[in-house]
Every structure is written in C-alpha cells, then in structure tokens.
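S.K.:
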Amino acid sequence: MGKKLLILNDKVPGIATLEVYRQHGGYASVEKVLKTMTPPEVLEEVKKSGLRGRGGAGFPTGMKWSFLARPEGVERYLVCNADESEPGTFKDRYLMEVIPHLLIEGMITSSYALGAKTSYIYIRGEYFYVARILEKALDEAYAAGLLGKNILGSDFSHDCYVQVGGGAYICGEETALLESLEGKRGNPRIKPPFPAIAGVWGCPTVVNNVETIAAVCPIVMMGGDEYAKIGIGRSTGTKLISASGHINKPGVYEIELGLPVEEFIYSEEYCGGIINGNKLKAVVAGGSSVPILPADLILKNDKGEPRLMSYESLSEGGFATGTMLGSGGFIVYDETASIVKNLYTFARFYHHESCGQCSPCREGTGWMEKILHRIIEGHGKPSDIDLLWDIQRKIEGNTICPLGDAAAWPVASAIRHFRSEFEEYIKHPEKIKDVKHYYSVHQLAGA
Amino acid sequence: MSQEIKFNEETLALVHKMIKRYPEGKHKSALLPILHIAQAEFGGWLSPETMDYVASVLNIKPIEVYEVASFYSMYNLKPVGKCLLEVCRTSSCWTRGAEDIVKHLEKKLGIKEGETTKDGMFTIKTVECLGSCGTAPLLQCGASYHENLTFEKVDNLLEEYRAAGKQRSYTDMDYKNTL
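Sequence order for the protein chains is F and C. For the first sequence, the working numbering gives the first residue as 1, with consecutive numbering after it. For the second sequence, the working numbering gives the first residue as 1001, with consecutive numbering after it.
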C-alpha cells in the first residue's frame, strides 16, 4: 500500500459529516495553527514541504504564497480553483464529494497563513450537487465555530463561500476564474500583474487548486520536512490521479509520487491492467493538454529507464519523448483505440472552449477541428498532416493564456508519435469504419 | 405559456443574501449563480425578458447580462425540453461508447442531437468533459449525473423522467438552501 495523506478515510461511513470527520482527526490543523503557530510559520512549513500546485502547472505553492502583496488596509483573498474541467480529470470532484471538510479545513488553515478574511471556492457549475455538499459542510463548520468570528476563540475570523460557475473550461485558468468570480465572461487577463498583486476586485489574491489546499492540512500536521520526505526528488508528497479509459479499474487513486507508471497501470491496487487483456497503445498522463505518449515511451523513458509518476520523470526527454504530470488525468488507450479519432474529440473540445480573445487560438482551434473532422470522415488530404502541424506551431506560445498551448500539444504529439495512423486514414479512408471500441454497441447493450 | 418574470419574495431574499457575500459595490459577482436561479425559475432558459429582469435586480446594464449568458455553456438562450439530456462526448466517454449512447437516445426519442421532442419533454445535447471520466459514459440531466450508462439504464431513465414529467434544472436539489 502506498502512502495516503488526503483520501485515507474516504471509505469511512459518514466521513462527509463534521462529526465523523472530527472523530478521524479532522480540523486538527486549524486548531494547531490558531493555537501554536504564527502565519509566517505556516508559510514556512508549506515552503519546506516542497508542495507544488496540483491543478496542472506544478508551481511551488509556498513560493506562490510568498508573492502575495500585503499593502496596508487592502483585503487579501484566497480563491480555491474547483473548476475541474480538464478532460480526464475528476479527482477534485471525488475529494469534495466524499470528504468536503478536508477542503474547508485547508481553506481555513491556508487563509490564516495568508491573512485572508474571506475566501471563495469557485466550482464548475456542472458540479452543482457537489456545491450543495460543500454548502452543507460549510454550515456545519459555521455552527461549530470553525468559521465566522473568532474561530475557536482565537482572534482570527474568516468567511468562506461557494461560487458556482456557468460551464466554461477556460475558467480553470486563474485569471479567467477571477473574471468569472467578478460576474464577467471568463476572458483570461494579461499577466503581469499577477493575481498575487491584483487578483479579484484588484486585491491581492492567491488561487490554488482543491487538492493543493487540501494538502496543506497534512503538511501542517506532520511538518514540511516530514512531508518532503514522501515522494521523490522535487516531486514531494502524494498526488491524486484520475484514471480512466481502457483499464479494468477506473477511479481516483492517491499515489506517492515516484510510483512506476507500469505498476500504476498493471497493479491490482491501481488500474488493474488493460481491459480484456488487450495491449496498451498510448497514455495521456496528465489531462488532455499534455502530450500523448505511445506505450513504449510511457513505460520507459528514452534512456530505457522505468518512467515514474513524478513531475520530473514524466517530463524527461522534453516533448520529443516525454510529457507532463499535469493535473493527473490519466487516460489509457488500448490497441483498439484510434489516436486520430480521439484527437478529434480533443480538438473539438479546445475549439468549443476557446474564449475567443486571441486569434491564433480562436481561429486555429477551429481549423484543427475541421481538418481532423474531414480526416476521420474519410476526406483527408495528404497535405493535411503538415497543415495541422503548421497550425499547432502557430498557436503555441502566441496566446494570452495557456489554452492555446494546451490545444496545440495534443495535436503535435499525436502527429509526432502516430503519424503513420494519420497517413493510413488518408490513404485508406475505408478502414476508418473498422475502428471499434471495447464498449461497442453490444457491450452497452449488456451482451 | 406566459409566466410573469419576477422572483417571488423568498427567492428575492435569497438573491439579496447572495449579494452580501461580496464586498460593497461588487454585487455583479452574484450574476452567475443568479442566472442559474433565473433559468430554473423561468422555464429552463434565459429569454431576453429574463435577462433584462436579472439586470434590473442586480442594477447592472442588460448587456452585462447578455455577454455573460452567451459565454457560458450552461445558460440556454433558446427554450429546451423539461429534461435536457447532456451527454458527455470527450475522450474518456468517447472511448467508452458515448457516440452509441447518443445514437440510442436519438432512436428512442425520434429526434436528432440538438432537437427537442414534440411534447417538450426531452432535448438531446452533447457537451464537453463533465469530469466523470472514471464512470464513463455518462449524461447529466439537471443536477444529476447518470454514470456508467448502458442502453437499459438510458431506457429506464427516460421512463422515469417521463413519468415524473417535471422540469429538471441544475439547481434541482433544493437550491434555496444552497446558493
């Protein structure tokens, strides 16, 4: 069994209630920081822990916190990014649904460290029922004196609110999220200024992912140094991985960073191997935005060493042979999967979700979708592959926010590693009909 | 069917409570949640009249409401059926048969994706990743996620919804105590 710090009590009946959560040590970090630590001391522990943002970018959390401006007389805010929308990612939903108090505990503890009197949990609108669960948990926390005025008799007061979004992937980008929180369209802002200087309503703001904020609780309890001993190298601690696709046991798994990818895919403790005993074809390791890798490169890096589930190991070899840990959205494709057709679903996604602010992304994502559509419909031209390559190159790095890069990378990596499949589709359009999935009509019909 | 576009007192009190969550003068922040409520209260979609009304409640310009309502995918700018069946179509769901689920729905209901049944009961819509990839394929109707779908589950669901015959909204689950 790997080390678990976040979802270790997820199977305990009633863990979503304050009573049971506290019976299992819940809110200890709030008590600890309020009674025995100063805010700078909490920040110091988070820095020492080496915790990195769990939403996808992997930026050191302690450093992000230390950038927060503290001008006299200006409110500071903590905003939790619960706009989980990266295809392949559903870990935050699981955490909030099953152990809502862990997030709230993290919000209070983190807000204390940051000196924030108010915090917001911005959750994607589709997770409405999860917002309801969080609201219930917040009510319980208020009633128990864990939120509101003078928490647990201390001089720290804090209010936390849930805000539901309206259904837009782009609001997972932190400045778009802040725009949305202000009741506007989710158009990303030009940085600088960074949210730490001018965030929501122009006030200094820290935006952190759900899992990042939850991880602050064990860090406070065990100390940053102890936390940093878990994991491998600069990938400290544990990570929630959302596993889906052609595997026997899809679900959310908490792993200690550094776990070999092969073990994650094939061990019974995690994905339980490929369905029907099929062969592994490819993996998207960190959500749709990260480069797709073929089986040989996801299991071993270009030097032939086992690939590990860590920020460093997954990105080894750069984009030529590597990928990224990203959000931990781990999608597995077996030998029956069509990489080109799958890519089409991604391209359609990014086109749909582009906010339209920057022309390379607004226009380019649409062109990529159209070209891929004609290829899978059997009307592809031999020049289409190079055309796709050209478009993605012109999007990457040329947009205000990373959505452009996120749209470009899946296309680039699919062509890089699976070019022959594109060629096959274009040369033999009649073969496209033969593409079948494991869950064909018969399986859906229960046959 | 004409319904007066006006929140009742209870809903209005809720709206004002929500506005208090934001600093003085930042009441526009409540726009997204209030649009969800308005959509649920006034027939499952946001007519120009509804949007104008929301603008007046928040004391902002109508254009500020239109631009937001047209940006986010959960706001319906055209009427939809009482049950808006939103089938996820992105990668993980696609690998597990989302396309076949859509085809099955189309066959069962005799309509195409994007259309509404004549009785105004069902609308089929395909949507992007709903964050339920581990339990694919799935569809969302109102606040409910229906996961690990099979044709049989879909059939049962349609029957259940038809029998209940009521409007489903994202705010289904007792939103008055929620937002």
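For each residue, glycine too, the CB sits at the ideal point set by N, CA and C.
#1: Starting from E1086(C) and walking both ways along the beta strand (DSSP E), at which residues does that stretch end?
#2: Give the secondary structure of K1125(C) by DSSP, where H, G and I count as helix, E and B as strand, and everything else as coil.
#3: Kindly say whether F346(F), judged by its beta-carbon, lies nearer than 8 Å to any beta-carbon of chain C.
#4: Who are the neighbours of F349(F) on chain C, taking C-beta pairs under 9 Å?
#5: Can you tell me whether D1100(C) is buried or exposed? The criterion is at least 16 other CB atoms within 10 Å of its CB, across all chains shown.
#6: Strictly below 8 Å CB to CB, what residues from chain C border T61(F)?
#7: Closer than 7 Å by beta-carbon distance: list the chain C residues that pair up with Y161(F), in chain order.
#8: Considering only the alpha carbon of each residue, which of P218(F), F264(F) and G58(F) lies closest to V33(F)?
#9: Kindly indicate which residue of E1009(C), Y1066(C) and C1133(C) has the alpha-carbon position closest to the one of E84(F).
#10: Under 8 Å, with one C-beta from each stretch per pair, do the region 6-21 of chain F and the region 49-62 of chain F reach the 3-pair mark?
#11: Could you run through the region 1064-1077 of chain C and flag, in chain order, every residue whose CB is less than 9 Å away from some CB of chain F?
#12: Please identify the residue among G1165(C), T1090(C), I1124(C) and K1166(C) whose C-alpha is closest to the C-alpha of S289(F).
#13: Who are the neighbours of T82(F) on chain C, taking C-beta pairs under 8 Å?
#14: In three-state terms, what does DSSP make of K239(F)?
#15: Let me know the beta strand (DSSP E) ranges lying completely inside the region 1019-1095 of chain C, each 3 residues or longer, listed in chain order.
#16: Can you confirm whether I298(F), when its beta carbon is compared against all beta carbons of chain C, has any partner nearer than 8 Å?
#17: How big is the Cα-Cα spacing for H101(F) and L240(F)?
#18: Specify the secondary structure class of I121(F) as computed by DSSP and reduced to three states.
#19: Taking 7 Å as the limit between beta carbons, can you name the residues of its chain near S383(F), skipping five residues before and five after?
#20: My parser needs the alpha helix (DSSP H) runs of 4 or more residues fully inside the region 30-77 of chain F; what are they?
#21: Shorter than 8 Å from the beta carbon of F90(F) to some beta carbon of chain C?
#22: Kindly indicate which three-state DSSP category I292(F) falls into: helix, strand or coil?
#23: Could you tell me the distance, in whole angstroms, from the CA atom of G501(F) to the CA atom of I197(F)?
#24: Confirm, please, whether the CB-CB distance from A1069(C) to K1061(C) is below 8 Å.
#25: Return the CA-CA distance between E1160(C) and V1154(C), expressed in angstroms with no decimal places.
#26: Please classify L314(F) as buried or exposed, where buried requires at least 16 neighbouring CB atoms within 10 angstroms.
#27: Where does S180(F) land, buried or exposed, given buried means 16+ other C-beta within 10 angstroms?
#28: Residues of chain C with CB closer than 8 Å to the CB of N342(F), please, in chain order.
#29: Tell me whether V250(F) sits in a helix, a strand or coil according to DSSP, three-state version.
#30: Report the neighbours of R185(F) on chain C: residues whose CB is nearer than 9 Å to its CB, in chain order.
#31: I need the straight-line Cα distance from K279(F) to D334(F), nearest angstrom please.
#32: What's the gap between the Cα of E256(F) and the Cα of W1094(C)?
#33: Using the three-state DSSP reduction, which class does C448(F) fall into: helix, strand or coil?
#34: Please go through the region 352-418 of chain F and give each complete alpha helix (DSSP H) segment of 4 or more residues, from N-terminal end onward.
#35: Given that H352(F) touches chain C, what residues does it touch there, using C-beta distances under 7 Å?
#36: Taking T1171(C) as the reference, give the member of L1158(C), L1149(C), L1109(C) and Q1039(C) with the closest Cα.
M.R.: Reading it off the structure:
#1: By one-based count along the second sequence, residue 1086(C) stands at place 86. According to the DSSP assignment, E1086(C) belongs to the beta strand (DSSP E) that extends over C1083 to C1088.
#2: Position 125 of the second sequence, counted from the start, is the residue given in the question as residue 1125(C). The answer is strand: DSSP assigns K1125(C) an E or B state.
#3: The sequence position of residue 346(F) within the first sequence is 346, counting from 1. F346(F) counts as touching chain C.
#4: As a position in the first sequence, residue 349(F) is number 349, starting the count at 1. Simply R1089, T1090, S1091, E1128 and C1129.
#5: Counting from one through the second sequence, the residue named residue 1100(C) turns up at place 100. That one is buried.
#6: The count along the first sequence starts at 1 and reaches residue 61(F) at position 61. For the C-beta of T61(F), not a single chain C residue is nearer than 8 Å; the gap to the nearest is close to 23 Å.
#7: Residue mapping note: residue 161(F) aligns to position 161 of the first sequence, counting from 1. Around Y161(F), the beta-carbon contacts reaching into chain C at under 7 Å are R1021.
#8: Taking the first sequence and counting its residues from 1, one reaches residue 33(F) at position 33. V33(F) has its Cα closest to that of P218(F), out of P218(F), F264(F) and G58(F).
#9: Locating residue 84(F) in the first sequence gives position 84, counting from the first residue. The residue among E1009(C), Y1066(C) and C1133(C) with its C-alpha nearest the C-alpha of E84(F) is C1133(C).
#10: These segments do not touch.
#11: Contact residues of the region 1064-1077 of chain C toward chain F are E1064, E1067, V1068, A1069, S1070, F1071, Y1072, S1073, M1074 and Y1075 (C-beta to C-beta distance below 9 Å).
#12: Indexing the first sequence from 1 puts residue 289(F) at position 289. For the residues G1165(C), T1090(C), I1124(C) and K1166(C), the minimum Cα distance to S289(F) belongs to T1090(C).
#13: Within the first sequence, residue 82(F) is the residue found at index 82, counting from 1. Note that residue 82(F) corresponds to Ala in the displayed sequence, not to Thr. Neighbours of A82(F) on chain C: none; closest Cβ ~10 Å, over 8 Å.
#14: For this step, residue 239(F) is matched to residue 239 along the first sequence. Note: K239(F) maps to strand in three-state DSSP.
#15: Runs found: 1083-1088.
#16: For this step, residue 298(F) is matched to residue 298 along the first sequence. No, I298(F) does not count as interfacial toward chain C.
#17: Counting from 1 along the first sequence, the entry for residue 101(F) is found at position 101. Counting from 1 along the first sequence, the entry for residue 240(F) is found at position 240. So the alpha carbons of these two residues sit roughly 17 Å apart.
#18: The residue given as residue 121(F) occupies position 121 in the first sequence. Three-state result, I121(F): strand.
#19: Start at 1 with the first residue of the first sequence, and residue 383(F) comes out as number 383. Cβ within range, chain order: n/a, list empty.
#20: Complete alpha helix (DSSP H) runs here, min 4: 39-49 and 61-66.
#21: What you label residue 90(F) is simply residue 90 of the first sequence in a count that begins at 1. Yes, contact with chain C.
#22: Mapped onto the first sequence, residue 292(F) falls at position 292. Strand.
#23: No answer is possible for residue 501(F): the residues shown for chain F start at 1 and end at 447.
#24: The count along the second sequence starts at 1 and reaches residue 1061(C) at position 61. The count along the second sequence starts at 1 and reaches residue 1069(C) at position 69. At least 8 Å separates the beta-carbon of K1061(C) from that of A1069(C).
#25: If you number the second sequence from 1, residue 1160(C) lands on position 160. If you number the second sequence from 1, residue 1154(C) lands on position 154. Taking the straight line joining both Cα atoms gives about 10 Å.
#26: On the first sequence, residue 314(F) is found 314 positions in, with the first residue counted as 1. Burial of L314(F) is indicated by the presence of at least 16 other C-beta atoms within 10 angstroms of its C-beta.
#27: As a first step, residue 180(F) is located in the first sequence; it is residue number 180 there, counting from the start. A buried status is given to S180(F), since no fewer than 16 other beta-carbon atoms sit within 10 Å of its beta-carbon.
#28: Reading the first sequence from its first residue, position 342 is the one you call residue 342(F). The CB of N342(F) comes closer than 8 Å to the CB of S1091, W1094 and T1095 in chain C, given here in chain order.
#29: Stepping through the first sequence from its first residue, residue 250(F) is reached at position 250. Rather than Val, the amino acid found at residue 250(F) in this sequence is Pro. Secondary structure of P250(F) (DSSP, three-state): coil.
#30: As a working note, residue 185(F) is residue 185 in the first sequence. Chain order gives the chain C residues near R185(F) as E1067, V1068, S1070, F1071 and Y1072, where near means a beta carbon separation below 9 Å.
#31: Here residue 279(F) is taken as the residue at index 279 of the first sequence, counted from 1. Here residue 334(F) is taken as the residue at index 334 of the first sequence, counted from 1. The C-alpha of D334(F) is placed about 6 Å away from the C-alpha of K279(F).
#32: One-based indexing of the first sequence puts residue 256(F) at position 256. One-based indexing of the second sequence puts residue 1094(C) at position 94. When the Cα atoms are used, E256(F) and W1094(C) turn out to be separated by approximately 30 Å.
#33: Because chain F spans 1 through 447 in this model, residue 448(F) falls outside it and cannot be assessed.
#34: The region 352-418 of chain F contains these whole alpha helix (DSSP H) runs: 359-376 and 384-395.
#35: For the purposes of this step, residue 352(F) is taken as the residue at position 352 of the first sequence. Listed by position along chain C, the residues whose Cβ is nearer than 7 Å to that of H352(F) are E1128.
#36: Residue numbering aside, residue 1171(C) sits at position 171 when the second sequence is read from its first letter. Nearest to T1171(C) by alpha-carbon distance, out of L1158(C), L1149(C), L1109(C) and Q1039(C), is Q1039(C).
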